[in-house]
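Step one of this worksheet: look at the structure below.
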Amino acid sequence: MRNFLLGGLALALTACASAPQQETQPPGINAEFTQLAEQAWEYNQEQRHPDDRLLDISPQALQERHAQRREYYQQLEALDASQLDEQNQINRDMIMYALANQIDQYEFNAHLIPLTNESGFHSRIASLPNSSTLRSEEDYRNYLSRLQAIPAHFEQQIEYMREGLNRGITQPAVVLTNFPAGIMAYVKADPRESVFYAPFNERPRNLSRDVFSELEMEAQTIIATQVNDAYQDFHDFMVDDYIPNARDTIAAHDLPRGEAFYRNRALHYTTTDLTVEEIHQIGLDEVARIRAEMMEVIESVEFDGSFDEFIEFLRNDPQFYADSAEELLKEAAYIAKQADAALPRFFTHLPRTPYGVAPVPDEIAPNYTTGRYVSARQDDQPGYYWVNTYALDRRPLYELEALTLHEGVPGHHLQIALAQEMDHLPDYRRNTYISAFGEGWGLYAEYLGLEAGFYQDPYSNFGRLTYEMWRAARLVVDTGMHTMGWSRDRAVEFLASNTALSMHNVNTEIDRYISWPAQALSYKLGELKIKELRAEAEETLGDDFDLREFHDEVLSNGSVPLQTLEDQIRAYIQRKQS
Numbered sequence: 001m002r003n004f005l006l007g008g009l010a011l012a013l014t015a016c017a018s019a020p021q022q023e024t025q026p027p028g029i030n031a032e033f034t035q036l037a038e039q040a041w042e043y044n045q046e047q048r049h050p051d052d053r054l055l056d057i058s059p060q061a062l063q064e065r066h067a068q069r070r071e072y073y074q075q076l077e078a079l080d081a082s083q084l085d086e087q088n089q090i091n092r093d094m095i096m097y098a099l100a101n102q103i104d105q106y107e108f109n110a111h112l113i114p115l116t117n118e119s120g121f122h123s124r125i126a127s128l129p130n131s132s133t134l135r136s137e138e139d140y141r142n143y144l145s146r147l148q149a150i151p152a153h154f155e156q157q158i159e160y161m162r163e164g165l166n167r168g169i170t171q172p173a174v175v176l177t178n179f180p181a182g183i184m185a186y187v188k189a190d191p192r193e194s195v196f197y198a199p200f201n202e203r204p205r206n207l208s209r210d211v212f213s214e215l216e217m218e219a220q221t222i223i224a225t226q227v228n229d230a231y232q233d234f235h236d237f238m239v240d241d242y243i244p245n246a247r248d249t250i251a252a253h254d255l256p257r258g259e260a261f262y263r264n265r266a267l268h269y270t271t272t273d274l275t276v277e278e279i280h281q282i283g284l285d286e287v288a289r290i291r292a293e294m295m296e297v298i299e300s301v302e303f304d305g306s307f308d309e310f311i312e313f314l315r316n317d318p319q320f321y322a323d324s325a326e327e328l329l330k331e332a333a334y335i336a337k338q339a340d341a342a343l344p345r346f347f348t349h350l351p352r353t354p355y356g357v358a359p360v361p362d363e364i365a366p367n368y369t370t371g372r373y374v375s376a377r378q379d380d381q382p383g384y385y386w387v388n389t390y391a392l393d394r395r396p397l398y399e400l401e402a403l404t405l406h407e408g409v410p411g412h413h414l415q416i417a418l419a420q421e422m423d424h425l426p427d428y429r430r431n432t433y434i435s436a437f438g439e440g441w442g443l444y445a446e447y448l449g450l451e452a453g454f455y456q457d458p459y460s461n462f463g464r465l466t467y468e469m470w471r472a473a474r475l476v477v478d479t480g481m482h483t484m485g486w487s488r489d490r491a492v493e494f495l496a497s498n499t500a501l502s503m504h505n506v507n508t509e510i511d512r513y514i515s516w517p518a519q520a521l522s523y524k525l526g527e528l529k530i531k532e533l534r535a536e537a538e539e540t541l542g543d544d545f546d547l548r549e550f551h552d553e554v555l556s557n558g559s560v561p562l563q564t565l566e567d568q569i570r571a572y573i574q575r576k577q578s
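One point on numbering: in UniProt numbering, the residue at position 82 of the sequence shown is 82, and numbering is uninterrupted.
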């Protein structure tokens, strides 16, 4: 899974499908669209990146942004998409997708719930050191100004959460049991150990020792007396006020306008018009298919016992677990390098940006997912494949090949780095991430490992099937909990009884689905669409089908809605035929 803030809710996509390209397009409408789309993107960038302060999230600022984004959206919607050239039709899909998501964040009051079970504004703001370019004294002083703004920012967020409590718009209390400990992980008695002090660990050569020493002392004082206090106050609010008064139900349908909320979430994360009932049934069908393949693996290793007994064997036998964090990271890095070597067989275009393997930060690891990809923030940085080394007895090695292919290459790193390096595309195309495409590609990348020679060990292949089953089961439990009255216990039992995920991972994942409605639907539906289009291309083109060319075509436009991808691949098939 990619690590980034999806946020809020999405308006129903009104321009998801690319219209057929016209033989001639009026140059005026393309120029008009380009100017309008760039204005909308620049407006967003201006709102997100103030140099010496944090983003203003006051009620007035939120309302003004919402009004401006609605105006841009309506202007884009009024343009005749059929008159745009092919790339601008995709551009229009993308900029409207991004704007729609921001519009619904406001209209569905997402700002009243600024956290999930595993993260929140307190952890996102901890990325300041990595997202800030610090070279001059002015850069450092701007950074210190941002640190000084943290207490007021936290207080604004807490006020929104208080409003959420009053209006019944909260996270369920059951998913927040371990949340307070994650807040306190950022509070350090020695400010030099704080994540916010990282920019001061090395002096830039263009700053004198005296100036840098002064900046260091200011940073330590601000962290010790302001940043730490802000985190402590947020912790106390969560323990004393929020968790005791948060809702005791788990379904998105139980929120105000909950049915519309979940329907829009499903639209946003899947970019399809599938109904909740259709998604649930697809999940059940996939669970049955994958279960049959799992039984074949169990038979191949001649295990004397039931499916449930085999799962218990995998969860508890020490042979399947690393003895140290270093061992787990080294194994992940070794698999990653094997995957790098396989890429030329499947792709003709590879990214310039490299990626590293690193542990999930200690501050968030206990409630965090098994692994995640963190994209490069600027062109002088690598991407990172994060591996969770917390609780090693819950991080089985038999899942590591699938995880690595998903988060690294040919999964998230390959897809996202290629998109970021497409200089011919507008910035909003290169930086917008559509979960159905990106997560669908990540799951397809796990499958591609079969063709690349991975999963030779039957237990590793069972780990691959466990990961695929995990994504299929998500369709069932996510829709079940949020719309069909499933309890958390029922969802835990369903996921645990169908996968070899550790019980720690099962519980963490179920809490993620509860706190992040419908996001989990994107993986399997995206993968199924990519596989469907590949099968169509193979059958139609026969001997003319080229797998490397097909993969390049899928990735050639960056992250796009599934209908846009379908149009794109079918146009590619027609070009090949002619």
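Backbone N, C-alpha and C fix where the C-beta goes; we use that ideal spot for every residue, glycine too.
In this structure, how does DSSP classify residue i when only helix, strand and coil are distinguished?
i, result
"residue 283", "helix"
"residue 22", "Bear in mind that a pLDDT of 41 at residue 22, under 50, signals an unreliable position, so the number given afterwards is only what the model happens to contain. Coil."
"residue 371", "strand"
"residue 463", "helix"
"residue 320", "helix"
"residue 554", "helix"
"residue 567", "helix"
"residue 290", "helix"
"residue 501", "coil"
"residue 377", "coil"
"residue 581", "Lying outside 1 to 578, the shown extent of the chain, residue 581 is not represented and no answer is given."
"residue 456", "coil"
"residue 519", "helix"
"residue 62", "helix"
"residue 348", "coil"
"residue 132", "coil"
Judging by CA-CA distance, which residue of the options is the nearest neighbour of residue i?
i, options, result
"residue 255", "169, 128, 134", "169"
"residue 483", "279, 58, 207", "279"
"residue 251", "105, 507, 552, 491", "491"
"residue 520", "501, 477, 506, 485", "477"
"residue 565", "537, 529, 540", "529"
"residue 571", "543, 536, 226, 559", "536"
"residue 196", "81, 227, 184", "227"
"residue 337", "325, 259, 355, 542", "355"
"residue 272", "569, 573, 560, 141", "560"
"residue 183", "239, 326, 515, 302", "239"
"residue 374", "130, 40, 121", "130"
"residue 181", "73, 245, 367, 41", "367"
"residue 461", "578, 500, 475", "500"
Which residue or residues does DSSP assign as beta-bridge partners of residue i?
i, result
"residue 357", "385"
"residue 120", "115"
Please classify residue i as buried or exposed, where buried requires at least 16 other C-beta atoms within 10 Å of its C-beta.
i, result
"residue 473", "buried"
"residue 155", "exposed"
"residue 415", "buried"
"residue 567", "buried"
"residue 217", "exposed"
"residue 503", "exposed"
"residue 455", "buried"
"residue 383", "buried"
"residue 575", "exposed"
"residue 211", "exposed"
"residue 104", "buried"
"residue 102", "buried"
"residue 399", "buried"
"residue 189", "exposed"
"residue 334", "exposed"
"residue 78", "exposed"
"residue 580", "Here the chain covers residues 1 to 578 and nothing more, so residue 580 does not appear."
"residue 424", "exposed"
"residue 225", "exposed"
"residue 177", "exposed"
"residue 194", "buried"
"residue 63", "exposed"
"residue 316", "exposed"
For this session: Answer yes if the stretch 80-88 comes into contact with the stretch 26-37, meaning at least three C-beta pairs across the two stretches below 8 Å, and no otherwise.
Result: yes
Exercise. Would you say the stretch 374-381 touches the stretch 437-452, given that touching needs at least three Cβ pairs under 8 Å?
Worked result: Judged by Cβ distances under 8 Å, the stretch 374-381 makes no contact with the stretch 437-452, as fewer than three pairs qualify.
For this session: Flag this pair as touching only if the stretch 155-165 and the stretch 343-352 have three or more C-beta atom pairs under 8 Å; answer yes or no.
Result: no
Exercise. Counting Cβ pairs closer than 8 Å, one from the stretch 402-418 and one from the stretch 169-179, do we hit at least three?
Worked result: Segments in contact, no.
Exercise. Hey, is the stretch 357-367 in contact with the stretch 289-306, meaning 3+ C-beta pairs nearer than 8 Å?
Worked result: no
Problem set entry | Sufficient close CB pairs (3 or more, under 8 Å) joining the stretch 446-460 to the stretch 384-404 | yes
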